[in-house]
Amino acid sequence: WLYPDYRRDIVEQEVKALKRLKSRLLEWDPNAKFSILAHSLGGTIVEKAFKQGLIFHNVVIFMGAMDEGFNWQEYESQFNRAFIWWSSKDEKLSMAYWGQQGLVGPQVEHSRVASIETHWTHDEFMDRWYLNRVVHNTILSQIESGG
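When the letters of the sequence shown are read in order and numbered with my numbering, they come out as residues 7 to 153.
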């Protein structure tokens, strides 16, 4: 886990990159839908992107370091569906002093936010993603069609 100042700089750099990426995508196709799949610090990046007004189609976060009290209601115009995969067995997030949504799940309910509890460790989902076709297809469906 990065020092706060260093982490803040990295998060800001990644949010700027997301904005550029979305801008280029929309230049190619003004009707394109911009979804995101994030893990670990990616949860912090998505949270910051929301706070800066970035709009996503679907959001999938695996064991993300996102504020567990993030108020999805305040940002409901900025996403179609969100899928928060979390696990109380996430050993990395259990050591963090910030952003534990990936450890305890979203604490603010929203009708378009799915809370998906797993029993995986912080990095174990990667094995599930590559090796388990059912999980792979579920994730692709969440990204592509919101379900």
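Each residue gets a CB set at the ideal place from its N, CA and C atoms; glycine is no exception.
Proximity to GLY111 [Cα-Cα], best of TYR103, SER121, GLU130 and ASP35:
SER121
Checklist line | Close-in-space but distant-in-sequence residues of the same chain around ALA159 (CB under 8 Å, 5 per side omitted) | finding: Residue 159 lies beyond the range of the chain shown here (7 to 153); nothing can be said about it.
* Asked: Does the separation of the CB atoms of ASP74 and HIS116 fall below 9 Å?
  -> Here the sequence assigns Glu to residue 74, which means Asp is not the residue at that position. Contact flag unset, no.
**Study point:** Continuous alpha helix (DSSP H) assignments of at least 4 residues falling wholly in the stretch 77-149
**Key:** 107-110 and 130-137
According to the neighbour-count rule (16 or more other Cβ atoms, all chains shown, within 10 Å of its Cβ), is TRP34 buried or exposed? exposed
Checklist line | Rounded C-alpha distance that separates LYS2 from TYR9 | finding: Any property of residue 2 remains undetermined from this structure, which presents the chain solely from 7 to 153.
- Query: Can you round the beta-carbon distance between GLN79 and VAL114 to whole angstroms, since I take them to be within the 8 Å contact cut?
  - Reply: 7 Å
Exercise for the section: Could you tell me whether the Cβ atoms of LEU47 and PHE40 are closer together than 9 Å? Expected result: no
Based on Cα-Cα distance, which residue from GLN106, ASP96, ILE16 and ASN86 lies nearest to PHE76? GLN106
Fill in: Same chain, Cβ closer than 6 Å to GLU20, neighbours up to 5 away in sequence not counted
ILE51
Exercise. May I ask you to report which of helix, strand or coil DSSP gives GLY75?
Key: coil
Alpha-carbon spacing of ALA38 relative to ARG26, whole angstroms:
14 Å
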